[in-house]
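Below is one structure, written out as structure tokens; the observations come after it.
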Amino acid sequence: LLNILRYPDARLHKIAKPVTVFDTRLKKLIADMAETMYDAPGVGLAASQVDVHEQLVVIDTSDTGTDLRVFINPEILWASEEKQIYDEGCLSVPGVYDGVERPARVKVRALDADGKPFEVDADGLLAVCIQHEMDHLQGKVFVEYLSPLKRNRIKAKMLKEEREQKRDKQY
Ligand SMILES: O=C(O)C[C@@H](Cc1ccccc1)[C@H](O)SCc1ccccc1
Ligand SMILES: [Zn+2]
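So the sequence shown is numbered by the numbering used here: it starts at 309 and just counts up by one.
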């Protein structure tokens with residue numbers, strides 16, 4: 309299992325670079341990310357969250373965990389005017405859920421694990437998740453859509469929890 313960076317770790321704000329080499333290293337990284345996502349559990353995970361700054365995202369919004377999708381160098385070709393508000397969570401900000409407004413439907417082009425291009429028209433949870441994960445690749449965490457007051461409270465809470473975890477490890 310890979311270690312998931314916790315907000316407000318500065319490494320979460322690094323910009324991911326495009327993937328250019330489709331080798332066994334990449335395939336192992338994808339497998340490790342998928343295992344980490346299912347174990348969390350989550351419906352998505354961006355490479356940025358495991359401190360790998362390459363444009364790679366794994367998503368599985370099926371509730372049976374049997375529909376793994378890999379998006380490499382994803383780009384949004386079209387986004388609907390219509391928006392939807394969704395109570396988002398994030399594996400890097402555990403225990404925090406809050407409403408974020410995003411386009412309800414997006415058309416995404418990406419490469420698969422073999423470097424082959426594909427396109428997806430997404431709506432519902434898949435649309436939210438793709439946009440949430442693509443934000444991670446741009447160094448953006450969903451709490452940045454919240455008010456400064458909420459974000460500062462979340463930052464303080466995360467830092468407090470981190471201090472407590474470190475203390476517990478000592479004893
Ligand atoms: O990127 C992450 O941290 C995983 C996110 C993906 C996600 C965020 C918002 C909305 C949908 C997906 C989640 O923590 S995965 C946990 C989860 C599961 C079902 C619904 C919402 C969040
Ligand atoms: Zn996230």
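Beta carbons: idealized from backbone N, C-alpha and C, even for Gly.
Tell me whether the beta-carbon of Leu-445 lies closer than 8 Å to the beta-carbon of Thr-369.
Here residue 445 refers to the residue found at position 137 when the sequence shown is read from its first residue. Here residue 369 refers to the residue found at position 61 when the sequence shown is read from its first residue. No, they are not a contact pair.
Extract the residue ranges of the alpha helix (DSSP H) inside the segment 417-471, only unbroken runs of 4 or more that lie entirely within it.
432-445
At the level of alpha carbons, what is the spacing between Leu-457 and Asp-406?
Your numbering for residue 457 matches position 149 in the sequence shown. Your numbering for residue 406 matches position 98 in the sequence shown. Whole-angstrom Cα-Cα distance: 13 Å.
Is the closest heavy atom of ligand 1 to the C-beta of Glu-396 under 7 Å?
Your numbering for residue 396 matches position 88 in the sequence shown. It does: the Cβ of Glu-396 is within 7 Å (strictly closer) of some heavy atom of ligand 1.
Mind checking who Gly-352 pairs with in its DSSP beta bridge?
In the sequence shown, the residue the question calls residue 352 occupies position 44. In DSSP, Gly-352 forms a bridge with Ile-367.
Do three or more CB pairs link the segment 326-338 to the segment 354-369 at distances below 8 Å?
yes
Quick one: Cα of Asp-431 to Cα of Asp-476, how far?
Walking along the sequence shown from the start, residue 431 turns up at place 123. Walking along the sequence shown from the start, residue 476 turns up at place 168. Cα to Cα, the separation comes out at about 43 Å.
Using a Cβ-Cβ cut-off of 8 Å (strictly less than) and excluding sequence neighbours within five positions of Asp-420, which residues of its own chain qualify?
On the sequence shown, residue 420 is found 112 positions in, with the first residue counted as 1. A distance below 8 Å between beta-carbons, with the five flanking residues on each side excluded, links Asp-420 to the following residues of its chain, in chain order: Val-378, Ile-380, Phe-426.
Could you check the C-alpha separation between Ile-438 and Ile-367 for me, to the nearest Å?
Walking along the sequence shown from the start, residue 438 turns up at place 130. Walking along the sequence shown from the start, residue 367 turns up at place 59. Pairing Ile-438 with Ile-367, the inter-Cα distance amounts to about 8 Å.
Ends of the alpha helix (DSSP H) at Glu-343?
On the sequence shown, position 35 is the one that residue 343 refers to. Note, Glu-343: alpha helix (DSSP H), 332-347.
Which residues does DSSP list as the beta-bridge partners of Tyr-394?
For the purposes of this step, residue 394 is identified with residue 86 of the sequence shown, where counting begins at 1. Tyr-394 is bridged to Val-408.
Return the Cβ separation of Ile-323 and Gly-403 in integer angstroms, given the expectation that the two are a contact with Cβ distance under 8 Å.
In the sequence shown, counting from the first residue as 1, residue 323 sits at position 15. In the sequence shown, counting from the first residue as 1, residue 403 sits at position 95. Their Cβ separation, rounded to whole angstroms, is 27 Å, which puts Ile-323 and Gly-403 out of contact at 8 Å.
According to DSSP, simplified to helix, strand and coil, what is Lys-474?
Counted from its first residue, the sequence shown places residue 474 at position 166. Three-state DSSP puts Lys-474 in a helix.
Beta carbon of Gln-392: closer than 7 Å to some heavy atom of ligand 1?
Start at 1 with the first residue of the sequence shown, and residue 392 comes out as number 84. Not so, every heavy atom of ligand 1 lies at least 7 Å from the Cβ.
Please confirm whether Thr-332 and Leu-309 have their CB atoms less than 8 Å apart.
On the sequence shown, residue 332 is found 24 positions in, with the first residue counted as 1. On the sequence shown, residue 309 is found 1 positions in, with the first residue counted as 1. Not closer than 8 Å, so no.
Would you kindly work out how many angstroms separate the C-alpha atoms of Ala-387 and Gln-478, rounded to a whole number?
Taking the sequence shown and counting its residues from 1, the one referred to as residue 387 is at position 79. Taking the sequence shown and counting its residues from 1, the one referred to as residue 478 is at position 170. C-alpha separation (whole angstroms): 49 Å.
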